[in-house]
Each structure stands twice: as C-alpha cells, then as structure tokens.
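In the numbering used here, the protein residues as written are 1 to 120. All residues carry an ideal CB built from backbone N, CA and C; glycine is no exception.
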Amino acid sequence: MNLIQLIFYLQDEVAGYYVSEQTEKPISITRIDDIFYELFKRNIEVRILPNLWSMADQVMSSSLNFSLCRMRNAIQRINDYEEEYVSEEELKQIEKLKSQGEFISQKKLLEELGIDINEI
1 MNLIQLIFYL QDEVAGYYVS EQTEKPISIT RIDDIFYELF KRNIEVRILP NLWSMADQVM
61 SSSLNFSLCR MRNAIQRIND YEEEYVSEEE LKQIEKLKSQ GEFISQKKLL EELGIDINEI
C-alpha cells in the first residue's frame, strides 16, 4: 500500500470518487482558460442540452452504472407531456451573453479549433 492509498479511499466506485478525511494540499495547479479547447483536444464529446432530465431518465432506465448526484443543480423538470424547450428567461440570458461577446457559435468554435464539422 502506497502513501496515496493510505490517505485517500474509494468512496464511490461507479463515479470514481476518491476522498480523504483530512485537508490536502495540491501538488500542482493547472489553469484552464478554454475548457472547450481542452475537452476537444482530448477527443471528448460535448453535448449541450436545454434540459438534462430526458437523458437522466434514459440513463436510469438502462443497465449502465451511473451517478446523477449533481442533478439537483439542473433546471427543474418540465412537464413530461410538454416538449423540451428553452424558457424566455434562458433566451434572454443567451441574448445577453451574445451581446457581451461571451457567446460563440458551434461553427465558429470548431473553426477556431481547426476541427472540420463533417468529422464530428
């Protein structure tokens, strides 16, 4: 057993959470300025959904092991009989981000990263 195994223990095998009961100092810090770039260069698929609940329901009804502990942070579940939608408040937030120059279209992002949209 090494030092790391003495300090950290596996709390949740499915989620891969290793925890320590004592305060730990990081051995290094890596600043990430462009999270999408870092994800794409590692060939990680990113999906942006207006509502996570339909995906969560599909995962829960599957044979997959899963952890949905952060679903408490998701927007509230919409009525199962309604189609998923983006609310007026969310549209206003998106327009605000666009006007502040903090929004980039998927096409422009892929172009900046040098990724051919046809390869996705």
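Residue i lies in the alpha helix (DSSP H); which residues open and close that run?
{"i": "aspartate 57", "result": "53-60"}
{"i": "isoleucine 115", "result": "From DSSP, isoleucine 115 is part of no alpha helix (DSSP H); its letter is neither H nor E."}
{"i": "phenylalanine 125", "result": "Lying outside 1 to 120, the shown extent of the chain, residue 125 is not represented and no answer is given."}
Can you tell me whether residue i is helix, strand or coil according to DSSP?
{"i": "glutamine 5", "result": "helix"}
{"i": "aspartate 22", "result": "Reading the sequence as shown, one finds glutamine at residue 22 and not aspartate. Here glutamine 22 sits in coil by DSSP."}
{"i": "glutamine 100", "result": "coil"}
{"i": "glutamine 11", "result": "strand"}
Distance check for residue j and residue i, CA to CA, integer angstroms please.
{"i": "methionine 71", "j": "aspartate 57", "result": "11 Å"}
{"i": "asparagine 65", "j": "valine 14", "result": "6 Å"}
{"i": "glycine 16", "j": "glutamate 89", "result": "35 Å"}
Enumerate, from N- to C-terminal direction, the unbroken alpha helix (DSSP H) stretches of 4 or more residues contained entirely within the segment 23-47.
35-41
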